[in-house]
Amino acid sequence: MIIAVAQSKGGVSKSTIVMNLMYYLAKYNPVLVDTDVQQSTYQLNKIRSKKTNSFKSMAITSIPQLENIYKDSDENNLFIVDTIGADTNLTRAVLLMSDLIISPTTDRTIDVMGLMNFQSVLQDLSSKSGGTIKAHVVISNVLPNIKRFDELRDLIISTQHFNLFHSIIRQRSDIANAVGQGLSIGEYSSNSKGDNEYRLLAVEIEKLLADTYKKHI
Ligand SMILES: Nc1ncnc2c1ncn2[C@@H]1O[C@H](COP(=O)(O)OP(=O)(O)OP(=O)(O)O)[C@@H](O)[C@H]1O
Ligand SMILES: [Mg+2]
Numbered sequence: 024m025i026i027a028v029a030q031s032k033g034g035v036s037k038s039t040i041v042m043n044l045m046y047y048l049a050k051y052n053p054v055l056v057d058t059d060v061q062q063s064t065y066q067l068n069k070i071r072s073k074k075t076n077s078f079k080s081m082a083i084t085s086i087p088q089l090e091n092i093y094k095d096s097d098e099n100n101l102f103i104v105d106t107i108g109a110d111t112n113l114t115r116a117v118l119l120m121s122d123l124i125i126s127p128t129t130d131r132t133i134d135v136m137g138l139m140n141f142q143s144v145l146q147d148l149s150s151k152s153g154g155t156i157k158a159h160v161v162i163s164n165v166l167p168n169i170k171r172f173d174e175l176r177d178l179i180i181s182t183q184h185f186n187l188f189h190s191i192i193r194q195r196s197d198i199a200n201a202v203g204q205g206l207s208i209g210e211y212s213s214n215s216k217g218d219n220e221y222r223l224l225a226v227e228i229e230k231l232l233a234d235t236y237k238k239h240i
């Protein structure tokens, strides 16, 4: 199976989520696939290798390389794909091949605008492929003291191409510090608030993976 973490806007926590999901979904023995030319996650994984076992990972730059991954992908092989914060042909190919698309956004206007641009990409891909391609949005890197995101939630669920995770990942310095060392928040600060938030997100993702698996058999 392929999970893509994608959003047209840069800096919305795609790579942070990928590094963490590699840890929280470890029981699926995932492979990290970095398709971003900056190769942030691939490089972070090298930093990681100085502290602990590195994640299984590869960096790819072309659609033929992606097609090879698609061939290997089945219910026993999970690939977690980091993407560039832009609308590119490679990212579009990733989106078309994915079983689950996770799209982070903050509540900042400029990031929400990015999310809406991303919706247009999903709309365009859907009309070309004849299906309805949906992404699951996670509200991420938002200030801990904001309790409600009613307007943002309403906007997300009103659109045809988005579902919304219940889990919210808050802005926490230990999440940024962990990823800076190539670690997940669970390894860096077990039982911290960030660890608990990511655990809850992983539970939601596992349910979606189980549904996808059922569809395949
Ligand atoms: N929950 C969080 N708490 C604190 N900082 C965070 C959190 N999530 C992300 N960040 C920080 O936000 C910045 C952007 O995150 P990240 O690099 O993961 O985004 P991205 O979408 O992959 O960006 P790009 O499009 O440039 O690849 C980083 O400095 C990261 O440490
Ligand atoms: Mg990134």
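Going by our numbering, the sequence shown opens with residue 24, and the numbers climb by one from there.
For every residue, glycine included, the Cβ atom is placed at its ideal position computed from N, Cα and C.
Just so it is clear, the structure is predicted and the values come from calculations on it, not from any experiment.
Beta-bridge pairing of residue i - partner residues as DSSP gives them
i, result
"Arg193", "Val165"
"Thr128", "Ile162"
"Asp97", "Asn100"
"Asn186", "His159"
"Asp57", "Ala82, Asp105"
Exposure label - residue i; buried when at least 16 CB within 10 Å
i, result
"Asp122", "buried"
"Val226", "exposed"
"Glu220", "buried"
"Lys170", "exposed"
"Thr58", "buried"
"Ala158", "buried"
"Gln183", "exposed"
"Thr132", "exposed"
"Ala29", "buried"
Whole-number beta carbon distance between residue j and residue i, since they are thought to touch under 8 Å
i, j, result
"Leu175", "Ile156", "Not really, about 21 Å apart at Cβ, beyond 8 Å."
"Thr39", "Val202", "5 Å"
"Ile92", "Val56", "6 Å"
"Leu44", "Ile83", "Incorrect: roughly 18 Å between the Cβ atoms, too far for contact."
"Asp95", "Val144", "Wrong, their Cβ atoms sit about 25 Å apart, outside the cutoff."
Identity of the residue in the options nearest residue i by Cα
i, options, result
"Pro53", "Gln61, Ile25, Ser207", "Ile25"
"Val60", "Phe78, Asn112, Lys50, Ala49", "Asn112"
"Leu246", "Arg195, Tyr46, Ser181", "What is shown of the chain runs 24 to 240, which leaves residue 246 out entirely."
"Ile192", "Tyr236, Arg171, Pro167", "Pro167"
"Gly33", "Gly137, Leu119, Lys69", "Gly137"
"Ser126", "Leu89, Asp173, Ile179", "Ile179"
"Phe141", "Asp105, Thr128, Ser152", "Thr128"
"Asn99", "Ser31, Leu48, Val41", "Leu48"
Distance cut-off 7 Å: residue i Cβ against heavy atoms of ligand 3
i, result
"Asp59", "Within the structure as shown, ligand 3 is missing, the only ligands being ligand 1 and ligand 2."
Residues near ligand 2, criterion Cβ-heavy atom distance below 5 Å: Lys37, Ser38, Ser63
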